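Residue numbers (our numbering): 3 to 201.
Take a look at the structure set out below.
Pasting the structure below:
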């Protein structure tokens, strides 16, 4: 009986010590620091691919041709990229945002959000139409049309032998003239990662 009481008295003291052993260790890193934990698509991949592909599209003839013909920056609408393949969850909104950021920061194009994101703004305009004063409300039907649409896919492929796995990503983007449907640029960027599992 005394042993049972002693165990019952010690139990509340022992539980916090048991719980402490399972706490994860967290290390903060710089967002630009390359970190590969699983071999899956990550923030580093998104930033590097967006930077490389937008740099490529901006050096191609379509841009100078448009500027010469129209005397202004081209207007580009960036659509969400589609993932095709299995076994990897990729938040393409992060990649899309990285591309839009690169476009805007270049100062060479006027970037516009995808149609589904514009719906939020249109709801605000409709709400202002009812609730805001005439002097302060934003005017509806004053959107700026775009000249080009950027869209594409991320293809994911796995290959595995024993404890070694290859993660292969092929990012294909194309820029299309909205009025003529002519593709004016097509780009590709590949990433290959070898992941070796320890015994």
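Note that beta-carbon positions come from the ideal geometry of N, C-alpha and C, so glycine has one too.
Since the model is a prediction, treat every value here as computed from it, not as a measurement.
Item, Value
"CA-CA distance, residue 66 and residue 74?", "10 angstroms"
"What first and last residue would you give for the beta strand (DSSP E) that runs through residue 71?", "Here residue 71 belongs to no beta strand (DSSP E); instead the alpha helix (DSSP H) covers 63–72."
"Under 8 angstroms, do residue 82 and residue 116 count as touching if we go by C-beta distance?", "yes"
"Can the beta-carbon of residue 194 be found less than 8 angstroms from the beta-carbon of residue 162?", "no"
"Considering only the alpha carbon of each residue, which of 123, 153, 43, 122 lies closest to residue 180?", "153"
"Out of 106, 141, 51, 68, which has the shortest C-alpha to C-alpha gap to residue 94?", "51"
"So, helix, strand or coil for residue 183, using DSSP?", "coil"
"Excluding the 5 residues flanking residue 134 on each side, which residues of the same chain have their C-beta closer than 7 angstroms to its C-beta?", "none"
"Which two residues bound the contiguous alpha helix (DSSP H) that contains residue 59?", "45–60"
"Alpha carbon to alpha carbon, what distance is there between residue 96 and residue 199?", "28 angstroms"
"Can you list, in chain order, the residues of its chain with a C-beta nearer than 6 angstroms to that of residue 64? Leave out the 5 residues immediately preceding and following it.", "186, 187"
"Between which residues of its own chain and residue 104 is the CB-CB distance below 8 angstroms, once the five residues before and five after are set aside?", "52, 53, 56, 57"
"Report the residue from 201, 127, 29, 91 whose alpha carbon sits nearest the alpha carbon of residue 144.", "127"
"Excluding the five sequence neighbours on either side, which residues of its own chain have a C-beta within less than 6 angstroms of the C-beta of residue 197, listed in chain order?", "41, 167"
"Quick check: the Cα distance between residue 184 and residue 139, rounded to an integer number of angstroms?", "38 angstroms"
"To the nearest angstrom, how far is the alpha carbon of residue 171 from that of residue 141?", "44 angstroms"
"In three-state terms, what does DSSP make of residue 161?", "strand"
"Rounded to whole angstroms, what's the CA-CA distance from residue 31 to residue 70? Just pull it up for me.", "44 angstroms"
"Alpha carbon to alpha carbon, how far is residue 125 from residue 48? Give it in angstroms, no decimals.", "31 angstroms"
"Below 8 angstroms CB to CB, which residues in the same chain sit around residue 108 once its five sequence neighbours on both sides are set aside?", "56, 60"
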